[in-house]
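I have placed the structure first, in the form of structure tokens, so that the comments after it can refer back to it.
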Amino acid sequence: MSQSIEKIKQFMDWYPEAGEVKTVIWNLLEAAMASPNADTWSANDRSNVMFFYSRMGEFMDAAYVVVPPLLQILSSSELKD
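Written out as structure tokens, the structure is:
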């Protein structure tokens, strides 16, 4: 579990704002949709990708609210051990 926590800390250090993460994800989505490979996607496939993008944005917003206080709690409890 400590490796997972460390990876989350690193990610949030590299991308300190949820908006920055959402921008990167949007850029990836735009590139994917403009790719010649996307021509083979059905309307349903495209819809699913857009739905995923939308849910990831909500997830990022929630994570950037919830995770920092949890990391603080975990950090302070590690200091007590």
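According to the numbering used here, the sequence shown is numbered sequentially starting from 1248.
Each residue gets a CB set at the ideal place from its N, CA and C atoms; glycine is no exception.
In the three-state scheme derived from DSSP, where H, G and I count as helix and E and B as strand, Pro1316 is classed as helix.
In the structure shown, Pro1263 adopts coil according to DSSP, grouped into three states.
DSSP, reduced to helix, strand and coil, places Trp1288 outside both helices and strands of the structure shown, so it counts as coil. Of the candidates Tyr1300, Val1313, Arg1302, Val1313 places its Cα closest to the Cα of Ile1255. Asn1295 and Pro1315 have their alpha carbons spaced roughly 30 Å apart. A straight-line Cα-Cα distance of about 15 Å links Met1307 and Gln1257. The shortest C-alpha to C-alpha distance from Met1297 to any of Ile1320, Ile1272, Glu1267, Glu1325 is the one to Ile1272.
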